[in-house]
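Only one structure is covered here, and it is reproduced in the block below.
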Amino acid sequence: MITYFIFGLTLAFASVIQPGPFQAFLFSQSLTHGWRKTIPLVFAPLLSDIPIIVLVVFILMNIPHQFLLILQCFGGLFLLYLAFTSYKTWHKLNRNDKQYIPYQRNFLKAVLVNLLNPAPYLGWSLIMGPLLIKGWTENPINGIVLLIGFYGSMMIYSMVMVILFAAVGNSGPRSNRISTGISIIALVIFGCYQLWSGITGFM
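Take 69 as the starting number for the sequence shown in the numbering used here and just add one per residue.
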């Protein structure tokens, strides 16, 4: 049981520190809205990963690889859309004020970013899925402990990351605009990369 808990802690840490679309989105939101309004967004994977787990464990293993490529293309387009909306926020951002966007819209965006990101699908199909099935077969407690260790530590790691991101944005108006601009570039890069990877996968 302890082994599966350690597996969960380790895999969560590797997942959080690896640069990706969801991390770029958290970076953008923490700079624009501060850490207090961004912290709730770290719980988005708890909602978005439910259909991912179901698909991977029960369906995805038998679905053609093209499904992931299509998902990757949609994810790339969505990230480019987020980059565009972030650019509009950055362009209108004056020296002291921050643009307000309703919490529900931000949380929905966070869920969609993770849902359209192929990384969770790949991670669950290649690592977490087989490990969960193996642990559950041995003892259901092992599977539960794996999920608790993975998602519990992921939330903690993500919260720390959001606070660090926000600290960068609070260092001054000029640095806030520069950091927001960097987050826009990050969203564009990840969006273009996912779109390019999805399209070239069909070639």
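Cβ coordinates follow ideal geometry from the N, Cα and C atoms, glycine included.
Neighbour-count burial assignment, residue i, 16 or more Cβ in a 10 Å radius
| i | result |
| --- | --- |
| Ile70 | exposed |
| Gln91 | buried |
| Tyr113 | It is worth fixing the name first, because residue 113 is Pro in this sequence and not Tyr. So Pro113 ends up on the buried side. |
| Val228 | exposed |
| Thr78 | exposed |
| Gln134 | exposed |
| Trp192 | buried |
| Ala82 | exposed |
| Phe270 | exposed |
| Lys156 | exposed |
| Tyr168 | At Tyr168, the pLDDT of 46 sits below 50, so the modelled position is not reliable and the matter cannot be decided from this model. |
| Leu176 | exposed |
| Asn182 | buried |
| Asn210 | buried |
| Ala80 | buried |
Three-way DSSP call (helix, strand, coil) for residue i in this model
| i | result |
| --- | --- |
| Gly102 | coil |
| Gly88 | coil |
| Phe81 | helix |
| Phe233 | helix |
| Phe270 | coil |
| Pro132 | coil |
| Met69 | coil |
| Ile74 | helix |
Any non-hydrogen atom of the ligand NAD within 7 Å of residue i CB
| i | result |
| --- | --- |
| Leu263 | In the structure on display, the ligand NAD does not appear, and there are no ligands present to speak of. |
Proximity test, Cβ basis, 8 Å: residue i and chain C
| i | result |
| --- | --- |
| Tyr155 | No chain C appears in this structure, which consists of one protein chain only. |
Can you confirm whether the stretch 110 to 128 touches the stretch 187 to 204 when touching is taken to mean that 3 or more C-beta pairs between the two stretches lie within less than 8 Å? Yes: the two stretches touch, three or more of their Cβ pairs being nearer than 8 Å.
Three or more beta-carbon pairs under 8 Å between the stretch 194 to 211 and the stretch 94 to 106, yes or no? The stretch 194 to 211 is not in contact with the stretch 94 to 106.
Sufficient close CB pairs (3 or more, under 8 Å) joining the stretch 251 to 271 to the stretch 134 to 153: The stretch 251 to 271 is in contact with the stretch 134 to 153.
Any chance you could list the alpha helix (DSSP H) runs of at least 4 consecutive residues sitting entirely within the stretch 182 to 207, in chain order? Runs found: 186 to 191, 197 to 206.
So, does the stretch 213 to 229 touch the stretch 137 to 146, judging by three or more C-beta pairs under 8 Å? With the cut-off at 8 Å, the stretch 213 to 229 and the stretch 137 to 146 do not touch.
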